[in-house]
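Chains as they are written, first to last, in our numbering: chain A, 4 to 369; chain B, 4 to 369.
Working notes, beginning with the structure itself.
Protein chains: 2
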Amino acid sequence: MPEEEIIVQVDSLKAFCRQVFEKVDVSRGDAEVTADVLVQADLRGIGSHGVARLRRYFRGLQTGQMLARPQITVERETSTTALIDGGAGLGPPVGVRGMRKAIEKAEEMGVGFVSVRNSTHYGIAGYYAMMALGHDFIGISMTNSDVLVVPTFGRDAKLGTNPISVAVPSGKERPFVLDMATSGVPRGKIEVYKRLGKALPLGWATDERGIATTDAARVIENLNHRAGGGLLPLGGVDELLGGHKGYGLALLVDILCGILPGAGYADTVYPKSAEGKPLPANVGHFFGALRVDGFRPLAEFKATMDDIIRRMKDAPKAEGQQRIYIHGEKEFEAAEERTAKGIPLHPNVMADLKAIAEEIGISYAL
Amino acid sequence: MPEEEIIVQVDSLKAFCRQVFEKVDVSRGDAEVTADVLVQADLRGIGSHGVARLRRYFRGLQTGQMLARPQITVERETSTTALIDGGAGLGPPVGVRGMRKAIEKAEEMGVGFVSVRNSTHYGIAGYYAMMALGHDFIGISMTNSDVLVVPTFGRDAKLGTNPISVAVPSGKERPFVLDMATSGVPRGKIEVYKRLGKALPLGWATDERGIATTDAARVIENLNHRAGGGLLPLGGVDELLGGHKGYGLALLVDILCGILPGAGYADTVYPKSAEGKPLPANVGHFFGALRVDGFRPLAEFKATMDDIIRRMKDAPKAEGQQRIYIHGEKEFEAAEERTAKGIPLHPNVMADLKAIAEEIGISYAL
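Shown next as structure tokens:
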């Protein structure tokens with residue numbers, strides 16, 4: 004419903020989010036970072052991870068699933084690796100600290116890897132991977148997440164949508180920024196189909212028996228009650244089109260983000276009390292940075308990156324197609340347009356922001 | 004046609020391959036390694052990458068696409084990274100050297116990454132990733148490969164099947180060994196369907212217009228003549244089921260294996276002369292090793308790996324399914340069975356091995 008969308012300027016949206024976080028006792032710096040991560044998602048056209056989630060963070064802080072003033076500690080450290088405990092703080096400031104440390108280590112040692120435990124939802128994975136681009140490093144960012152995805156041949160959701168992001172610097176062309184959930188689609192896509200009453204394509208989700216289904220309402224209902232079924236891994240319901248590969252990637256992300264730092268994993272990332280009350284989350288992240296010049300002079304690398312990007316973009320198109328994209332390209336274009344013209348927000352999202360503002364008594368002037 | 008298969012013992016098959024390589028001037032050590040990589044593929048049930056490919060290596064050495072006595076040199080090195088030039092040698096000994104160096108660096112520094120240029124086909128990616136398991140490290144192995152895969156919305160093949168392998172140590176359970184092409188299926192699968200006259204599932208390949216097709220013969224014919232179309236990335240023909248994600252992973256592998264070391268990339272990995280004669284290949288690889296104890300005590304890590312593995316395997320099954328697999332599990336089981344009973348080879352493969360033996364005048368006693 005684009006005609007109902009309301010255009011909001013980037014700076015005022017960011018300032019609003021920051022104010023909300025500060026009002027619930029988040030420090031100025033952490034509020035700033037979290038606001039930036041949310042608004043960057045909207046800027047890049049990934050509305051599912053933008054200010055539409057402000058409520059989720061706000062509520063997380065209220066219920067104690069996330070802490071406003073966490074103790075973030077470095078638990079273990081070598082010249083190339085570190086383990087950070089996020090103290091159940093907001094994911095974005097924890098994530099930024101983790102990725103910064105990976106970059107510092109890469110600066111010094113050529114590579115750096117940081118795993119993080121005891122964190123919470125960190126927003127778009129690409130935000131952290133892209134932090135490496137300013138240093139001309141390759142950046143890696145992954146996180147585990149709330150249980151939604153079924154393993155191949157399994158009936159119940161046992162893994163998160165566990166995204167992988169890798170950002171690679173280029174020369175004249177825009178950087179390569181892969182940022183992908185390891186499920187075929189995110190939960191939000193199923194919700195959109197439910198709202199529109201549309202049949203799901205087979206290969207997105209399963210019903211409570213673990214059979215591929217077109218029934219969006221049933222999938223959401225089952226997920227809400229943990230009644231079986233869930234999202235399918237990239238590649239679909241079985242091994243025919245490669246569902247076991249998507250499942251393997253999701254499990255790999257859970258190993259690097261959950262097992263390696265000692266965070267939650269599988270269905271233990273967002274624990275609940277016996278009465279169903281949310282307990283502090285224990286999300287894990289994994290960050291990496293790699294200096295290109297440990298392998299090849301940077302200028303050569305960048306020139307060749309430009310060449311492979313152009314080889315893809317300039318290649319002949321399939322019948323009926325006008326364009327081949329490079330990963331991140333659509334998002335860079337969205338960000339350029341929205342930086343200039345503002346971010347279109349759905350009226351429901353606007354109403355929710357307004358409700359939050361009223362709840363905590365701050366002015367709402369977007 | 005399993006009833007026609009011939010059972011061959013592991014050791015004699017390995018010895019035979021080694022003899023073939025030595026006969027065409029490969030050093031004893033390199034012949035040994037290459038034979039081991041091929042036979043390990045057959046042992047693990049990945050026949051497409053086993054001794055059925057002996058002819059390909061043999062011919063590569065004859066045509067000069069691969070060199071029997073390569074100069075393998077370390078071109079650049081830091082405490083955590085290295086660039087190796089494979090001198091157009093056989094992929095397996097080059098790969099083993101690369102992975103060993105990554106492991107040595109990890110031993111010392113916590114992590115090690117090695118990129119390799121000017122190599123050739125290295126067999127199963129998992130072989131190298133699994134080398135890290137003996138050290139209780141996480142191992143990473145990737146390679147680019149001959150052009151077969153179309154980018155999303157593209158008409159022509161511009162990328163290889165570019166596999167990713169990651170091996171992770173565990174405790175009592177078998178290790179996690181992801182080893183996946185980033186295409187939905189390998190070329191060999193299309194060839195099987197062609198031979199059987201079966202219709203391809205939509206989502207495996209496209210025709211010369213770039214449209215998803217069920218016609219296996221047409222896909223193979225087009226690939227042989229570079230007439231357009233090819234294999235589809237994991238996720239299928241468009242963005243609906245996530246084809247852009249598989250395409251992104253394939254491109255990422257080409258960046259790490261082709262662009263980072265300065266190897267061939269996109270459609271330049273296996274160059275040909277103007278007359279269509281194969282020139283020395285320029286395949287690239289990327290290897291990594293990561294010490295677990297840079298993040299977490301090894302024993303804790305292993306115990307938690309066992310737990311996540313059991314959580315997956317013991318989870319309720321989808322209707323009609325008996326088993327949930329962990330990546331690598333099927334291959335470990337095949338290897339156990341075949342180590343005990345021998346490797347079943349197709350009569351065509353046996354005939355080809357015999358023909359090679361006759362060509363070079365060695366005894367054929369398998």
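Every residue, glycine too, gets a C-beta built ideally from N, C-alpha and C.
Bear in mind that the values here come from a model prediction, so they are computed numbers and not experimental data.
Using a Cβ-Cβ cut-off of 7 Å, B/V169 is close to L255 of chain A, given in chain order. About 17 Å separates the CB atoms of B/G163 and B/F290; that is not less than 8 Å, and the two are not in contact. Closer than 8 Å at the C-beta level to chain B, one finds no residue of the region 20-45 of chain A. Three or more beta-carbon pairs drawn from the region 135-155 of chain A and the region 255-268 of chain A are found closer than 8 Å, and the two stretches are therefore classed as touching.
Neighbours of B/D159 in chain A, taken as residues whose beta carbon is under 8 Å from its own, are A318 and P319 in chain order. At a cut-off of 8 Å between C-beta atoms, B/A230 does not count as an interface residue with respect to chain A. When DSSP states are grouped into helix, strand and coil, B/G63 belongs to the helix group.
The Cβ atoms of A/N121 and A/V256 do not sit closer than 8 Å to each other. The C-beta of A/L136 comes no closer than 8 Å to any C-beta of chain B. Unbroken alpha helix (DSSP H) runs of no fewer than 4 residues, entirely contained in the region 177-227 of chain A, are found at 190-199 and 219-227, following chain order.
Per DSSP, reduced to three states, the secondary structure at B/N121 is strand. A/I141 counts as buried, since at least 16 other C-beta atoms from the protein chains shown sit within 10 angstroms of its C-beta. Here A/S144 is bridged, per DSSP, to A/S168 and A/F290. Within the same chain, K197 come within 6 Å of A/A220 by CB-CB distance, once the 5 residues on both sides are set aside. Counting C-beta pairs closer than 8 Å gives three or more between the region 341-358 of chain A and the region 45-57 of chain A, which meets the contact rule.
Interface annotation, B/E303: in contact with chain A, CB-CB separation under 8 Å. In this model, A/I49 and B/R314 are separated by some 32 Å (Cα to Cα). The residue among A/A215, A/K357, A/I365 and A/T66 with its C-alpha nearest the C-alpha of A/G279 is A/T66. Taking 8 Å as the CB threshold, A/E361 stays off the interface with chain B. The continuous alpha helix (DSSP H) containing B/P350 extends over residues P350 to I363. Beyond the five residues adjoining it in sequence on each side, B/F304 comes within less than 7 Å, by CB distance, of V295 in the same chain, given in chain order.
Closer than 8 Å at the C-beta level to chain A, one finds these residues of the region 193-227 of chain B: P204, G206, W207, T209, R212, G213 and I214. Residue burial annotation: B/Y367 is exposed, with fewer than 16 other C-beta atoms found within 10 angstroms of its C-beta.
Here A/P274 is exposed: its Cβ has fewer than 16 other Cβ atoms, across all protein chains shown, within 10 Å. Pairing B/T123 with B/M183 gives a Cβ-Cβ distance that is not under 8 Å. In terms of beta-carbon proximity, A/Y131 stays away from the interface with chain B, with every pair separated by 8 Å or more. A straight-line Cα-Cα distance of about 39 Å links A/L136 and B/S51.
Between the region 25-39 of chain B and the region 78-96 of chain B there are three or more C-beta pairs closer than 8 Å, enough to call the two in contact.
For B/V40, the enclosing alpha helix (DSSP H) starts and ends at R31 to L46.
Your pair B/R158 and B/G238 does not check out as a contact, with CB atoms roughly 18 Å apart and the cut at 8 Å. Less than 8 Å separates the beta-carbon of A/K161 from that of B/A318.
In summary, A/D210 is buried, with 16 or more beta-carbon neighbours lying within 10 Å of its beta-carbon over all protein chains present. B/M134 sits away from B/V180, with the two beta carbons spaced by 8 Å or more. The beta-carbon of A/V295 is placed less than 8 Å from the nearest beta-carbon of chain B. In the DSSP assignment, A/P236 is bridged to A/S186.
Judged by pairs of C-beta atoms under 8 Å, the region 14-32 of chain B does not touch the region 79-94 of chain A, as fewer than three such pairs exist.
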